[in-house]
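Be aware that the sequence shown starts at 28, since it is given in our numbering, and climbs by one per residue.
We put the beta carbon where it would ideally sit given N, CA and C, even for glycine.
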Amino acid sequence: MQANKDKTLRKLKTVRGQLDGIIKMVEDDRYCIDISNQIMASISILKNINTEVLSSHLEHCVYDAVNKGSTKDGIEKIEEIEQVIKKLSK
């Protein structure tokens, strides 16, 4: 993985902590809107992490495959990104 590994792990651990907090909120019968706000905050961080990972993938893996690899490698990497874009647009 070419993305900033330490930064990515720190953000993922933050989300893990938020999820533990959300579970506790549900167990404690906390107010639904408060739970929803925490869920949305976790989703936001995950989207941010995904954007950073995908950007890194484009900057390193796809770039290298297109410029240094075979045509087949470049096409495969581009097709992978196209699949991710389709998933994100759903």
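Would you mind reading off the limits of the alpha helix (DSSP H) that contains residue i?
i	result
tyrosine 58	Per DSSP, tyrosine 58 belongs to no alpha helix (DSSP H) and is neither H nor E.
lysine 101	Residue identity differs from the one stated: residue 101 is glycine in this sequence, not lysine. 98-115 is the extent of the alpha helix (DSSP H) around glycine 101.
asparagine 94	90-94
Going by beta-carbon coordinates alone, are residue i and residue j separated by less than 8 Å?
i	j	result
isoleucine 66	isoleucine 49	yes
cysteine 88	lysine 99	no
glutamate 2	threonine 41	Since the displayed the chain opens at 28 and closes at 117, residue 2 lies outside it and no answer follows.
lysine 38	isoleucine 70	no
Taking buried to mean at least 16 other C-beta atoms within 10 Å of its own C-beta, is residue i buried or exposed?
i	result
isoleucine 76	buried
valine 111	exposed
Using only the alpha-carbon positions, how far apart do residue i and residue j sit?
i	j	result
leucine 46	aspartate 55	14 Å
glycine 96	glutamate 106	15 Å
glutamate 86	glycine 44	30 Å
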